[in-house]
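In what follows, a structure is listed as structure tokens, so that the remarks can point back to it.
Numbering (the numbering used here), first residue to last: 45 to 103.
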């Protein structure tokens, strides 16, 4: 499994906002247990800060 940060799309800097545009998670080679753990983590943060959105890969 690999994880990377996507750049912020906004041109405005705000200390109160995220300075990261998103996470890129590649779990193709991850175990089922690792994939389930990532889903639980995303659910946890989604419940507190708003739903996350899956986007198609850009090769």
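Cβ atoms here follow ideal geometry from the backbone N, Cα and C, with glycine treated the same way. This structure is a prediction, so every number in the text was calculated from the model and none was measured.
C-alpha distance - residue i paired with residue j, whole-angstrom precision
i          : j          : result
residue 85 : residue 91 : 10 Å
residue 69 : residue 58 : 25 Å
residue 55 : residue 64 : 12 Å
residue 49 : residue 96 : 14 Å
residue 47 : residue 93 : 20 Å
Beta-carbon proximity list for residue i, same chain, < 6 Å, skipping 5 on both sides
i          : result
residue 78 : 45
Beta-carbon proximity list for residue i, same chain, < 8 Å, skipping 5 on both sides
i          : result
residue 74 : 45 and 82
residue 62 : 52
is_contact[residue i, chain B] using C-beta, thresh 8 Å
i          : result
residue 95 : Considering every chain present, this structure includes no chain B. It has just one protein chain.
Opposing strand residues paired with residue i [DSSP bridges]
i          : result
residue 46 : 70
Proximity test, residue i beta-carbon vs the ligand ZN heavy atom, cut-off 7 Å
i          : result
residue 87 : Ligands are entirely absent from the displayed structure, and the ligand ZN is therefore not among its contents.
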